[in-house]
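Trainee:
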Amino acid sequence: MRSIEFHILLALASEERHGYAILQEIAALTLGEMQLEPGTLYRALHRMLKDGWVAESARRPAADLDDERRRYYRLTPAGRRVAAAEAARLQRLVAVARAYRLLSRA
């Protein structure tokens with residue numbers, strides 16, 4: 031899995047979001063270390079829609095809080111499974127890095 035895909039799945043794990051909100055959440059989760067361009071995000075979302083990891087949401091905010099041009103995305107059960115599998119893989123990798131004293135225990 032590409033890093034960008036994992037970050038998108040993380041951004042959608044807590045709630046449905048539109049594209050710009052996904053970009054903002056990824057920037058917040060990474061403390062600004064990952065700043066995606068919109069085109070990069072939408073290409074990844076297109077792949078993830080095709081793979082069934084995310085889906086377009088039918089639910090919308092109230093009209094006065096929404097822009098009709100926005101598309102909202104949600105995590106699918108398949109997306110949650112692949113995100114959990116990737117998180118477990120990364121956890122094992124961190125354990126190896128700690129064993130080699132590349133990371134502190136704290």
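Take our numbering: the final residue in the sequence shown is number 136, and no numbers are missing along the way.
Even glycine gets a Cβ: it sits at the ideal position worked out from N, Cα and C.
In this text, all values refer to a predicted model and were calculated from it rather than measured experimentally.
(1) What residue from Thr-106, Val-126, Ala-118 and Glu-67 has the CA that sits closest to Leu-39's CA?
(2) Indicate the three-state DSSP secondary structure (helix, strand or coil) for Ala-88 in the structure shown.
(3) On a Cα-Cα basis, can you pick out the residue from Met-64, Ala-117, Arg-104 and Leu-123 that is closest to Trp-83?
(4) Locate the beta strand (DSSP E) running through Arg-73, then write down its first and last residues.
(5) Just the Cα atoms here: how many angstroms apart are Met-78 and Leu-132?
(6) DSSP three-state call for Leu-59: helix, strand or coil?
(7) Please check the pair Glu-116 and Met-31, which I expect to be a contact at CB under 8 Å, by giving their CB distance rounded to whole angstroms.
Mentor: In short, the structure shows the following:
(1) Nearest option by C-alpha distance: Thr-106.
(2) Three-state result, Ala-88: coil.
(3) Scanning Met-64, Ala-117, Arg-104 and Leu-123 for the CA closest to the CA of Trp-83 turns up Arg-104.
(4) For Arg-73, no beta strand (DSSP E) encloses it; the enclosing alpha helix (DSSP H) starts and ends at 68 to 81.
(5) Roughly 33 Å between the two C-alpha positions.
(6) Leu-59: helix per DSSP, three-state reduction.
(7) About 5 Å separates the beta carbons of Glu-116 and Met-31, which is inside the 8 Å limit, making them a contact pair.
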